[in-house]
Amino acid sequence: MLSRTADSLYWMGRYMERADFTARILEAAIRLSSLPVDDASPGGEWDSAVAISDVAEPFLAVHGAATEANVCDYLAFNPDNPSSIRCCLGFARANARAMRTALTPEVWEAINDAWNEFNRLDPDKMDVQSFSRFLEWLKGVVRAYDGAVHHTQLRNDGYAFMRLGAAVERADNTARILDVKYHLLLPENEPVGGGLDYFQWSTILREVSALTSYRWVYRESIKPWLVADLLILNRQMPRSLLSCCDDIAHHLDRLAAAYSRRGPAQRLATASVGRLAGLRIDQIFQSGLHEFIIRFISENARLSSVIAEQYLL
Amino acid sequence: MAAYDEMFGASHTGGTGEVRPVYGELKHWMDTRSSEFFDARRRQAELFFRRIGITFAVGGEQEAHERLIPFDIVPRIISGAEWRRLERGLIQRARALNAFLADIYGPAECIRAGIVPPDVIYRNPQYRVEMTRIRPPNGVYVHVSGADLVRTGEDEFFVLEDNTRTPSGVSYMLENREVMMRLFPELFARHRIAPVETYTDALLACLKSVAPASSEGDPTAVVLTPGPFNSAFYEHSFLADKMGIELVEGGDLFVDEGGVFMRTTEGPRRVDVIYRRIDDDFLDPIVFRSDSLLGVPGLMSVYEAGRVAIVNAPGAGVADDKCVYTYMSDIIRFFTGEEAILKTVPTWRCREPESLAYVLDHLGELVVKEVNGSGGYGMLVGPTSTQAEIDAFRAKLLHQPDGFIAQPTLALSTCPTFVQQGLAPRHVDLRPFVLTGAKEVQVTPGGLTRVALTQGSLVVNSSQGGGTKDTWVLDE
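Here it is, written out as structure tokens:
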């Protein structure tokens with residue numbers, strides 16, 4: 182496969198995943214903002230939405246203070262924000278269009294239809310209800326795309342690159358939620374346990390669609406350290422860091438098998454899985470949750486550039 | 041202007057005004073369907089084209105301006121007998137064009153014999169002096185070609201121009217057929233229509249047949265595109281997909297150890313045949329335009345060493361020059377020893393003073409074209425132009441007479457077409473697609489019928505608001 186094609190597939194996977202993630206962040210923030218205002222940080226959910234999306238600096242340069250209206254617009258529709266849903270869909274489609282030959286018609290149509298429909302929207306005419314419907318629609322689009330990939334794509338190297346991109350992006354997304362909200366999960370917060378914290382924790386779970394899973398796994402009320410455990414170490418939870426590392430290693434192994442050659446990307450990915458799989462959540466808290474997250478984000482970024490060097494350039 | 045109609049013929053050109061037999065079944069079928077039926081099918085067709093993403097960008101505009109080429113659901117039908125004559129003519133023409141190119145870059149006998157004046161060749165902007173040192177693998181210059189044909193009467197077909205660089209539109213021929221088969225399966229059951237779907241297999245076989253002797257085993261062919269922003273990108277991607285070969289950009293290829301390679305996830309891979317959809321100028325920045333980022337540095341040196349085939353050969357554009365066109369009947373006679381089966385439109389070369397004088401006196405009746413123009417840009421259609429447009433064109437013509445040719449305004453045949461007011465005759469042309477491999481020349485039975493959607497308009501180019509139709513060759 183052409184390196185450029187692999188690169189496009191990888192990034193198409195990443196951008197579709199990121200579009201979905203941005204929609205979840207916005208949904209969670211809208212939900213939090215409908216709660217009684219926390220005097221300590223009124224509107225704090227909008228700041229953290231921008232922070233999680235990793236666009237705080239460019240956002241500040243344009244808007245200053247974060248409000249519901251300007252954050253929703255910036256994260257969903259702003260053409261200058263490369264992580265906005267508009268840009269993610271647009272980039273995913275541009276990548277898809279550049280290598281149509283590597284996609285099944287179903288996958289192409291899922292992306293192309295979504296882009297055509299997106300362009301018929303009028304953001305200026307949206308109210309809270311229609312904006313929520315839009316986010317719901319977008320998540321449906323990504324599920325339809327995912328389903329089309331799952332149902333129709335040949336399980337060849339191209340498939341591995343698409344899935345690899347999605348897994349790397351997903352790992353980064355979960356880690357960034359943890360990076361912004363880690364203080365809510367620290368054990369010192371335990372005695373506080375007020376209503377607002379409870380909502381904050383459940384919001385984190387919603388952001389990774391894990392509220393139901395949490396109950397299945399732990400069968401008890403929401404405890405911050407268990408939230409951290411679920412999001413970092415639970416192998417069954419598809420957006421946990423360990424689960425994402427498993428996926429990354431799995432797709433890299435498939436590539437290694439297809440090309441009969443293992444390289445630095447495989448070694449790095451296997452090492453990450455091994456390290457995470459050997460940890461318990463209390464060890465992570467002991468050595469510092471935030472330090473752990475920061476290190477994970479930078480290792481994940483390094484893995485992405487090693488993958489690029491090995492296959493995509 | 042009274043034109044011959046594909047469905048009804050025309051009394052003044054020898055037709056009867058009755059439905060021509062070849063359209064009998066279709067006309068009968070159409071008469072028994074309601075206008076709502078056709079409206080619904082037209083909407084379905086549009087939806088289909090938009091979903092599969094067949095769009096083109098006008099004049100290199102960006103993605104925001106992708107639009108559909110209008111598709112008309114009434115097919116254009118050609119009888120088996122008509123087709124066999126066109127096919128013979130097209131094969132003859134393709135052979136002559138290849139022989140002509142081999143000659144002008146080789147012994148130049150046609151120039152010495154006075155068939156074509158030397159300056160028409162040597163001062164032609166498409167002439168590539170590099171090609172005098174290079175023999176393309178297997179001696180083929182124009183592998184993929186197409187001629188724009190127009191019909192003016194029952195037995196009157198003319199070649200309006202040749203396309204020896206990149207005759208685009210073959211993807212529309214294929215997709216139009218696909219859409220028609222989905223929309224009107226019952227019509228396909230009632231007619232024996234020659235398949236066009238074989239085109240991409242034939243193209244791949246053609247590409248492989250011209251692989252250089254240095255290629256080992258099954259030759260590797262690729263499609264070279266300028267990229268997604270090119271107006272024909274859809275077609276490039278479509279063809280690569282149907283052939284199951286890689287669609288590459290210049291940056292995917294590099295030259296090393298006397299060969300051309302592509303960068304893949306498994307390391308470099310040797311390329312034997314490049315079906316390029318970029319212009320000569322951009323092929324190799326070392327030899328042609330040095331600011332080109334689309335091409336492959338060093339490509340021409342590998343080509344010269346005979347270790348890669350370029351389809352079509354650089355410099356092949358000389359053969360579809362509008363001035364060279366005016367010598368085509370003589371060129372065909374000179375190289376094949378036969379009379380041309382397909383007629384060439386009588387043409388005034390404005391570079392010749394007597395012709396220029398005639399053209400200036402008759403601008404209101406003639407079609408005047410820029411010798412190096414294409415896509416329907418830069419032409420004057422006298423009968424449908426205003427006096428101001430004619431005067432403006434006269435100034436251009438006087439400024440640089442050798443940049444222009446003129447032809448009588450042909451009464452292009454019409455074909456019933458759905459327009460706002462219902463079914464109405466609109467002018468059409470026909471672009472069949474010809475493949476020349478190492479051993480044989482083939483023509484896909486069918487082609488792209490382009491239709492001028494504006495009443496009375498004779499300009500069918502998609503860039504000027506033209507549409508397309510499916511083209512049926514009846515298998516009789």
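Each protein sequence line maps, in turn, to chains H and X.
Note that the numbering used here gives residue 353 to position 172 of the first sequence, counting from 1, and the numbers run on in steps of one.
Note that the numbering used here gives residue 511 to position 471 of the second sequence, counting from 1, and the numbers run on in steps of one.
Beta carbons: idealized from backbone N, C-alpha and C, even for Gly.
What are the boundary residues of the alpha helix (DSSP H) that includes E394(X)?
Taking the first residue of the second sequence as position 1, residue 394(X) is located at position 354. Looking at the DSSP string, the run of the alpha helix (DSSP H) that includes E394(X) is P393 to D401.
With burial defined as no fewer than 16 other Cβ atoms inside 10 Å of the residue's Cβ, what is the status of W512(X): buried or exposed?
Against the second sequence, residue 512(X) aligns to sequence position 472. Per the 10 Å Cβ criterion, buried.
Are the C-beta atoms of G267(X) and some chain H residue less than 9 Å apart?
For this step, residue 267(X) is matched to residue 227 along the second sequence. With 9 Å as the cut-off, G267(X) counts as an interface residue toward chain H.
Measuring only the C-alpha atoms, how far is R456(H) from Q447(H)?
As a position in the first sequence, residue 456(H) is number 275, starting the count at 1. As a position in the first sequence, residue 447(H) is number 266, starting the count at 1. Looking at the two C-alpha atoms, the distance is approximately 14 Å.
Where does Y162(X) land, buried or exposed, given buried means 16+ other C-beta within 10 angstroms?
Start at 1 with the first residue of the second sequence, and residue 162(X) comes out as number 122. When all chains shown are included, Y162(X) counts as exposed.
The ligand MG and S503(X): does any heavy atom of the ligand fall closer than 8 Å to the residue's C-beta?
In the structure on display, the ligand MG does not appear, and there are no ligands present to speak of.
Got a sec? Which residues, its chain only, sit under 7 Å from R173(X) by beta carbon, not counting five neighbours each side?
In the second sequence, counting from the first residue as 1, residue 173(X) sits at position 133. Closer than 7 Å at Cβ, skipping near neighbours: E344.
Does the distance from the C-beta atom of R466(X) to that of G487(X) stay below 9 Å?
If you number the second sequence from 1, residue 466(X) lands on position 426. If you number the second sequence from 1, residue 487(X) lands on position 447. Cβ atoms of R466(X) and G487(X): not closer than 9 Å.
Specify the secondary structure class of K479(X) as computed by DSSP and reduced to three states.
For this step, residue 479(X) is matched to residue 439 along the second sequence. Note: K479(X) maps to coil in three-state DSSP.
I'd like to know if D241(X) contacts chain H, where contact means its C-beta is closer than 9 Å to some C-beta of that chain.
Locating residue 241(X) in the second sequence gives position 201, where the first residue counts as 1. Chain H contact via Cβ: absent.
List the residues of chain X that T355(H) touches, going by C-beta distances under 8 Å, in chain order.
The sequence position of residue 355(H) within the first sequence is 174, counting from 1. Per Cβ cutoff of 8 Å: no residues; T355(H) is ~27 Å from chain X at best.
Below 8 Å on the Cβ atoms is my guess for L493(X) versus V459(X); work out the distance and round it to an integer in Å.
To locate residue 493(X), count along the second sequence from 1; it is residue 453. To locate residue 459(X), count along the second sequence from 1; it is residue 419. Indeed they touch by this definition, with Cβ atoms about 6 Å apart.
Give, in chain order, every residue of the stretch 278 to 296 of chain H whose Cβ lies closer than 8 Å to some Cβ of chain X.
So the list reads R278, A279, M280, R281, T282, P286, W289, E290, N293 and D294, given in the order they occur along the chain.
When you compare the CB of V311(X) with every CB in chain H, is at least one pair closer than 9 Å?
For the purposes of this step, residue 311(X) is identified with residue 271 of the second sequence, where counting begins at 1. Judged by the 9 Å Cβ criterion, V311(X) is not in contact with chain H.
Specify the secondary structure class of R329(X) as computed by DSSP and reduced to three states.
The residue given as residue 329(X) occupies position 289 in the second sequence. R329(X) falls in the coil class under three-state DSSP.
Within this structure, are the beta carbons of N300(H) and R199(H) separated by less than 9 Å?
Taking the first sequence and counting its residues from 1, one reaches residue 300(H) at position 119. Taking the first sequence and counting its residues from 1, one reaches residue 199(H) at position 18. No, these two residues do not count as a Cβ contact at 9 Å.
Which partner residues does A446(X) have in the DSSP bridge list?
Along the second sequence, one-based indexing puts residue 446(X) at 406. Bridge partners of A446(X): W388(X) and V408(X).
I think T265(X) touches R317(X), with their Cβ atoms under 8 Å apart; what is that distance to the nearest whole Å?
Taking the second sequence and counting its residues from 1, one reaches residue 265(X) at position 225. Taking the second sequence and counting its residues from 1, one reaches residue 317(X) at position 277. Sure, about 5 Å apart at Cβ, within 8 Å.
Only counting the same chain, and skipping five residues up and downstream in sequence, which positions put a Cβ closer than 8 Å to that of F258(H)?
Against the first sequence, residue 258(H) aligns to sequence position 77. Counting only Cβ-Cβ distances below 8 Å, and skipping sequence neighbours, we find S265, I266, R267 and P304.
By how many angstroms is the C-alpha of R336(H) removed from the C-alpha of G374(H)?
Reading the first sequence from its first residue, position 193 is the one you call residue 374(H). Reading the first sequence from its first residue, position 155 is the one you call residue 336(H). Note that G374(H) scores 47 on pLDDT, short of 50, meaning its location in the model is unreliable and no value can be drawn from it.
Between K30(X) and V407(X), which are expected to be in contact by the criterion C-beta below 8 Å, what is the C-beta distance as a whole number of angstroms?
Missing from the structure shown is residue 30(X); chain X here goes from 41 to 516 and no further.
On the premise that Q132(X) lies in contact with I371(X), defined as a C-beta separation below 8 Å, what is that separation, rounded to the nearest angstrom?
Stepping through the second sequence from its first residue, residue 371(X) is reached at position 331. Stepping through the second sequence from its first residue, residue 132(X) is reached at position 92. Incorrect: roughly 11 Å between the Cβ atoms, too far for contact.
Using a 10 Å radius around the Cβ and a threshold of 16 neighbouring Cβ atoms, would you call L216(H) buried or exposed?
Here the question's residue 216(H) lines up with position 35 in the first sequence. The residue is exposed, with fewer than 16 neighbouring Cβ atoms inside 10 Å.
So which residues of chain X does Y379(H) contact, with C-beta pairs closer than 8 Å?
For the purposes of this step, residue 379(H) is identified with residue 198 of the first sequence, where counting begins at 1. In chain order: nothing, as chain X lies at least about 46 Å away.
Among the residues of its own chain, which have a CB less than 6 Å from the CB of W296(H), if the five just before and after it don't count?
Taking the first residue of the first sequence as 1, we reach residue 296(H) at position 115. For W296(H), where only same-chain residues beyond five positions count, the Cβ hits under 6 Å are L270 and R274.
So, do the stretch 211 to 228 of chain X and the stretch 150 to 166 of chain X have three or more beta carbon pairs nearer to each other than 8 Å?
No: fewer than three Cβ pairs fall under 8 Å.
What are the start and end residues of the alpha helix (DSSP H) that includes I206(H)?
Taking the first residue of the first sequence as 1, we reach residue 206(H) at position 25. Counting along the chain, the alpha helix (DSSP H) containing I206(H) begins and ends at S184 to S214.
Please say whether D515(X) and P485(X) have beta carbons closer to each other than 9 Å?
For the purposes of this step, residue 485(X) is taken as the residue at position 445 of the second sequence. For the purposes of this step, residue 515(X) is taken as the residue at position 475 of the second sequence. Against a cut-off of 9 Å, the Cβ pair of D515(X) and P485(X) comes out as a contact.
Identify whether L449(H) lies in helix, strand or coil by the three-state DSSP scheme.
Your numbering for residue 449(H) matches position 268 in the first sequence. DSSP places L449(H) in helix when its eight states are reduced to three.
Taking CB distances under 9 Å as the criterion, tell me whether L183(H) reaches chain X.
Position 2 of the first sequence, counting from 1, holds the residue named residue 183(H). So, interface residue.
So, with DSSP's three-state summary, where would you put A466(X)?
Numbered from its first residue, the second sequence carries residue 466(X) at position 426. Checking the displayed sequence, the identity of residue 466(X) turns out to be Arg instead of Ala. In the structure shown, R466(X) sits in a strand (DSSP, three-state: E or B).
When the Cα of T489(X) is compared with those of V499(X), R175(X), K509(X) and L293(X), which residue comes out closest?
Position 449 of the second sequence, counting from 1, holds the residue named residue 489(X). Closest option to T489(X), Cα to Cα, is K509(X).
Taking CB distances under 9 Å as the criterion, tell me whether L359(H) reaches chain X.
By 1-based counting over the first sequence, the position of residue 359(H) is 178. So no, L359(H) is outside the interface.
If I follow the unbroken alpha helix (DSSP H) through N293(H), where does it start and stop?
Position 112 of the first sequence, counted from the start, is the residue given in the question as residue 293(H). Note, N293(H): alpha helix (DSSP H), P286 to N300.
Name the chain H residues that come within less than 8 Å of D258(X), Cβ to Cβ?
Along the second sequence, one-based indexing puts residue 258(X) at 218. Those within 8 Å of D258(X) in chain H number zero; the least Cβ separation is about 18 Å.
If you drop the 5 nearest sequence neighbours on each side, which residues of the same chain put their C-beta closer than 6 Å to that of N276(H)?
Here residue 276(H) corresponds to residue number 95 of the first sequence, with the count starting at 1. Excluding sequence neighbours, N276(H) sits near S189, W192 and M193.
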